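In the numbering used here, the protein residues as written are 179 to 433.
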C-alpha cells in the first residue's frame, strides 16, 4: 500500500475512533457525574474540532503528498534522435512565439500554434537563415513579432473556450499542453500545469510534466456551510513556473 494512502487511512480511523471515544466520554460525564454542561461541550465542540482537524490535515498534508507520489509514478518516455518527431504542436498561448522560437532554434521542421483564436502552421522560410542560435529572454521577446525566417499560414480556428480543435496530422508530433487543457491536470480551474506528450497513431506517451496543484483546505477561523467546512484553494508548492520554450528544450535532451 502507498505510504501516503496508509497515512490517510490512519488519520480517518483516528477520527472515527476519537468520535466514538468522545461519545462514550460524554455519556460517562452525564451518567456518572451529571455534568450535563461538560457533556454538551464535548459533543458540540469536540466532534466538530476532530472533523475540522481531519479535513485540514487531509487537504494540507495528505492529499498533496498522495498527488506528488502519483505524478512521480507516471511512466515517461525520453526523447532521443530515434523517436524525436519533426512536428511540434503548441496548444498554449495566443502569440505563436513558442513554435516560432523552436523552429528558429532548429529544434523542429514544422510546428502548429495559435495566434489569437486562429491556428497557424509555421515552417522555416526557404532560402533564409535564422539569426537566433541560442535560447534567452531577449530572443523570446523577438519571437512575439514577425520573424523573417519563419512563415505562418492560417489553418483553422479554435472551436471554443473548451474545444482546442487541434490540427489533425498523420505523422508523429510533440504536443505541449498547459493548465486546464493538460490531460493530466489535477483540477480543471485550480492547477498550474505544463504537460508534454509524444503522440502518434500508435501511442500517446508522457514526456515531461510539471504542476502546482491546489487543494481544498478548511479556512481558519472555521466556517460551516451546507456542504460542510468552507474551504479555500491552497497550493502546497510555489515553485516558479518553467518558461514554456525552456520546458520543451529541456525535454528534448539535446536532440
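Quick reminder that beta carbons are idealized off the backbone N, C-alpha and C, glycines included. Keep in mind the model is a prediction, meaning the values are calculated, not measured.
Residues that residue i bridges to, as DSSP identifies them
{"i": "residue 273", "result": "293"}
{"i": "residue 416", "result": "Per DSSP, none; premise fails for residue 416."}
{"i": "residue 153", "result": "This structure gives no information on residue 153, because the portion of the chain shown stretches from 179 to 433."}
{"i": "residue 396", "result": "409"}
{"i": "residue 383", "result": "376"}
{"i": "residue 351", "result": "265 and 377"}
Coil, strand or helix - residue i by DSSP
{"i": "residue 299", "result": "strand"}
{"i": "residue 309", "result": "coil"}
{"i": "residue 320", "result": "helix"}
{"i": "residue 286", "result": "coil"}
{"i": "residue 250", "result": "helix"}
{"i": "residue 358", "result": "helix"}
{"i": "residue 346", "result": "coil"}
{"i": "residue 229", "result": "helix"}
{"i": "residue 427", "result": "helix"}
{"i": "residue 389", "result": "strand"}
{"i": "residue 341", "result": "coil"}
{"i": "residue 422", "result": "helix"}
{"i": "residue 325", "result": "coil"}
{"i": "residue 257", "result": "coil"}
Host beta strand (DSSP E) of residue i (start-end)
{"i": "residue 332", "result": "328–335"}
{"i": "residue 240", "result": "Where residue 240 is concerned, there is no enclosing beta strand (DSSP E), given that its DSSP letter is neither H nor E."}
{"i": "residue 268", "result": "265–268"}
CA nearest to the CA of residue i, picked from the options
{"i": "residue 272", "options": "390, 335, 360 and 314", "result": "335"}
{"i": "residue 288", "options": "326, 250 and 352", "result": "352"}
{"i": "residue 267", "options": "245, 302 and 375", "result": "375"}
{"i": "residue 356", "options": "391, 348 and 331", "result": "391"}
{"i": "residue 293", "options": "364, 342, 349 and 242", "result": "342"}
{"i": "residue 416", "options": "369, 265 and 262", "result": "369"}
{"i": "residue 245", "options": "364, 326, 344 and 332", "result": "364"}
{"i": "residue 247", "options": "389, 263, 354 and 275", "result": "389"}
{"i": "residue 372", "options": "354, 234 and 378", "result": "354"}
{"i": "residue 349", "options": "236, 261 and 235", "result": "261"}
Range covered by the alpha helix (DSSP H) that runs through residue i
{"i": "residue 373", "result": "Element bounds for residue 373: not the alpha helix (DSSP H) but the beta strand (DSSP E), 369–377."}
Contact test: residue i Cβ vs the ligand ATP heavy atom, cutoff 7 Å
{"i": "residue 362", "result": "Absence of the ligand ATP is noted for the structure shown, with no ligands found whatsoever."}
| Any chance the segment 356–367 sits against the segment 226–238, with 3 or more Cβ pairs inside 8 Å? | no
| said: Does the segment 246–259 come into contact with the segment 383–392, if we say contact requires no fewer than three beta-carbon pairs (one atom in each stretch) closer than 8 Å? | reply: The segment 246–259 vs the segment 383–392: in contact.
| task | Indicate whether the contact test is met: 3 or more Cβ pairs, each with one atom in the segment 276–286 and one in the segment 296–305, closer than 8 Å. | result | yes
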